[in-house]
Amino acid sequence: MSQTATKPIPVPDEISAPFFDGAREGRLMLQHCTACNAWSFPVRERCPHCFAAKLEWRQASGHGSLYTFTIMHQVMNPGFASAVPYNVAQIDLEEGVRMVSNVIGIANDALRVGMRLEVSFEDVGENVRIPKFRPVVG
Amino acid sequence: MPNQPKGAIVGIGVTPMGKIYGRRSVDFAAEAIALALDDAGLTKNDIDGLLINANIPGDMDVRSQMVLGFENLTLVNVMSAYGSTAGSMMQYACMAIREGLANTIVLVYADAPLTPSRGAGQSYAGPHRFPLGGMTGLRAAYGDFGANPAYAMAARRHMHLYGTTEDHFGIIAVGQRKWAQLSPWAQMKTPMTMEDHHNSRWIAEPLRLLDCCLVSNGAVAVIVTSAERARDLKQPPVNVLGYAQCAPGDNLRTDRHPAVETGAKRSGEIAFRMAGITRDDIGTCQLYDCYTYTVLVTLEDYGFCAKGEGGPFVADGKLAPGGALPTNTGGGQLSGFYMWAFTPLSEAVVQARGQGGARQVARNDYVLVSGNGGILNYHSTLILSRHASG
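These protein sequences, in sequence, are chains H and A. According to the working numbering, the residues represented by the first sequence are 1049 to 1186, in order. According to the working numbering, the residues represented by the second sequence are -9 to 380, in order.
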């Protein structure tokens, strides 16, 4: 019997734990610098704008727009063999960070650069949820 | 008249490329270096500097010197800015020679990711490359692997802003395949039509298989020395007139727009100023072409056409044999072979010397070379010529 491969499930490490803890509770947590007021992503130890080690975790708005996207056909990981074609997108968040994610709740051929999106959390493994984005209705 | 040369390229070695299995990177490197020494009319004892381009598997480290048998080097290092590294290595080699740190330096890139059981995409960005911890694991959970999705998204953004089309990408691929048919080094010789391009399978929309570079096992070595010393050697010297880097920074910020400006812009401006020539002096371009899109955006950012007009600019086939701006005349990475920026660099040397045979361009006085690494994160520019004022 061949087993169906599963998609990769991210394993939180020490520095990214607040991001994944937040996602599990349905909150998009990003790092915000209390010294210069800038948001940053991906996760890091110091602010990339001012080098201050004063990054604190804050809940982001979860609102943004579709900067660009691709429809993946190539299977780079066996866990995605039954998922292709799937989208990978860059989403510009109101906070000024550009996140890579997937857009859900819409057909791939309906995706449009610039469309309004909001965060939506998806279970990807036991006790692991990750932020995805769906079109804002209305 | 151009400015004085910063150094000169006196030897190149290119191994057989592609699905050549069962050999380590360093073995390809040894073969390429032997070919380059023979090309230059030099021996191993003439070499006192070695710069190694770090590859993705990391099997070309500084200890490669000992496997290769180099002794008493006064300059050795491993350099990494991914696909832009060859240009940075050339900078450092020329500076080291001018500073007296070494006289004759080997630059080498070698890689052997292909195995009989894995295709090109899997070899380069398969699961063995991606751990699942933290942010890397998050990328994997979204199905975002390797460079293909990121370049596809960059290309999509360009299409959205400027109306660039699949035909614009296709004409680049078709033209470079024509060049490849004229190059003894090229892997892909089968003729390609625009229809072939449009019918090739999607990899990551809007990029098709024939928009993506090859993956090659092989190596390229280049030997650099002073312009003075180069005059007495076997080959017509190829002078390094200008060089520059630009690393724009992280594109995962909403104020960054790589479709509007890549590192090619600033890097190109600096290199042209250093060389003392203008864009109109360039007879042939050898541009980093990990994807067809990369060629298009690089031409724009070097100023060969206005921003956003790269598509219409290439649409008449001017990059192909017989065109007004012959580009990637060995087939590039799309149809020739994939050795990071050593692909455009080696072809530039051939063209500048006038040794291109069936693919030799008529206007070879000044050759422009680009390197590009990461996701448009690192850029290098070289301007090469057999001319110099010195």
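C-beta atoms are modelled at their ideal positions from N, C-alpha and C, and glycine is treated no differently.
| Asked | Found |
| --- | --- |
| Proximal residues of chain A, C-beta to C-beta of H/ALA1131 below 9 Å | GLY133 |
| Among A/GLY111, A/ILE42, A/VAL0 and A/HIS158, nearest to A/ASN93 - alpha-carbon criterion | A/VAL0 |
| A/GLN(-6) versus A/PHE60 - alpha carbon distance | 31 Å |
| Contact set for H/PRO1066: own chain, Cβ-Cβ below 6 Å, skip 5 residues either direction | MET1077 and TRP1105 |
| A/THR244: contacting residues in chain H (beta-carbon distance under 8 Å) | TYR1115, ASP1140, LEU1141, GLY1144, VAL1145 and ARG1146 |
| CB of A/LEU385 within 9 Å of CB of H/PRO1126, strictly | As displayed, chain A neither begins before -9 nor continues past 380, which places residue 385 of chain A out of reach and without an answer. |
| Enclosing alpha helix (DSSP H) for A/GLN81 [first to last residue] | 75 to 88 |
| N- and C-terminal bounds of the beta strand (DSSP E) containing A/TYR132 | It is not in any beta strand (DSSP E) - A/TYR132 carries neither H nor E in the DSSP assignment. |
| Residues within the segment 135 to 147 of chain A neighbouring chain H, beta-carbon criterion of under 9 Å | PHE135, GLY136, ASN138, PRO139, ALA140, TYR141, ALA142, MET143, ALA144, ALA145, ARG146 and ARG147 |
| Contact with chain A by H/MET1049, beta-carbon distance below 9 Å | Note that H/MET1049 scores 40 on pLDDT, short of 50, meaning its location in the model is unreliable; the coordinates nonetheless yield the value given after this. False, the Cβ-Cβ gap to chain A never drops below 9 Å. |
| Host beta strand (DSSP E) of A/LEU151 (start-end) | Per DSSP, A/LEU151 belongs to no beta strand (DSSP E); it is in the alpha helix (DSSP H), 138 to 152. |
| The segment 235 to 244 of chain A contacting the segment 121 to 138 of chain A, beta-carbon criterion three pairs below 8 Å | no |
| Residues that DSSP places opposite A/GLN171 in a beta bridge | Its beta-bridge partners do not exist; DSSP assigns none. |
| Unbroken alpha helix (DSSP H) run spanning A/ASN189, endpoints | 184 to 189 |
| Rounded separation between A/SER113 and A/ALA71 - CA only | 20 Å |
| Counted within 10 angstroms of its Cβ, other Cβ atoms place A/LYS224 as buried (16 or more) or exposed | exposed |
| Where H/PRO1183 falls: helix, strand or coil (DSSP) | strand |
| With 16 other Cβ atoms within 10 Å as the buried cut-off, status of A/MET149 | buried |
| Contacting residues, own chain, Cβ-Cβ under 8 Å from H/ALA1083 (five flanking each side not counted) | CYS1095, CYS1098, ALA1100 and LYS1102 |
| Residue nearest to A/PRO139 in terms of C-alpha spacing, selected from A/ALA265, A/PRO196, A/HIS247 and A/GLY346 | A/PRO196 |
| Proximity test, Cβ basis, 9 Å: H/PHE1099 and chain A | no |
| As assigned by DSSP and simplified to three states, the class of H/SER1088 | strand |
| For A/PHE18, the three-state DSSP class (helix, strand or coil) | helix |
| Paired residues, beta bridge with H/MET1120 - DSSP | H/TYR1134 and A/ALA194 |
| N-terminal and C-terminal residue of the beta strand (DSSP E) that H/PHE1169 is part of | 1164 to 1173 |
| Cβ of A/ALA237 within 9 Å of any chain H Cβ | no |
| Continuous beta strand (DSSP E) stretch holding A/MET329: start and end | From DSSP, A/MET329 is part of no beta strand (DSSP E); its letter is neither H nor E. |
| Bounding residues of the alpha helix (DSSP H) (the contiguous stretch that carries A/ILE260) | 253 to 265 |
| Cβ of A/GLY380 within 9 Å of any chain H Cβ | Its pLDDT being 47, under 50, A/GLY380 is placed unreliably by the model, and the measurement read from it follows with that caveat. Judged by the 9 Å Cβ criterion, A/GLY380 is not in contact with chain H. |
| Against chain A: residues of the segment 1082 to 1112 of chain H by CB proximity under 8 Å | PHE1089, PRO1090, VAL1091 and PRO1096 |
| 9 Å Cβ cutoff met for A/THR317 and A/GLY165 | yes |
| Presumed contact (8 Å Cβ cut-off) between A/LEU65 and A/ALA44, rounded CB distance | Contact flag wrong, Cβ pair sits at about 16 Å. |
| For H/ARG1092, the nearest candidate out of H/ASP1061, H/GLY1110, H/HIS1121 and H/ARG1072 (CA to CA) | H/ASP1061 |
| Residue from H/ALA1131, H/ILE1154, H/GLY1112 and H/PRO1133 with nearest C-alpha to H/VAL1142 | Before going on, a small fix: residue 1142 of chain H reads as Glu here, not Val. That would be H/GLY1112, whose Cα lies nearest to the Cα of H/GLU1142. |
| Beta-carbon proximity of A/ALA(-2) to A/ASN229, cut-off 9 Å | yes |
| Contacts of A/ARG191 in chain H (Cβ-Cβ under 8 Å) | HIS1121 |
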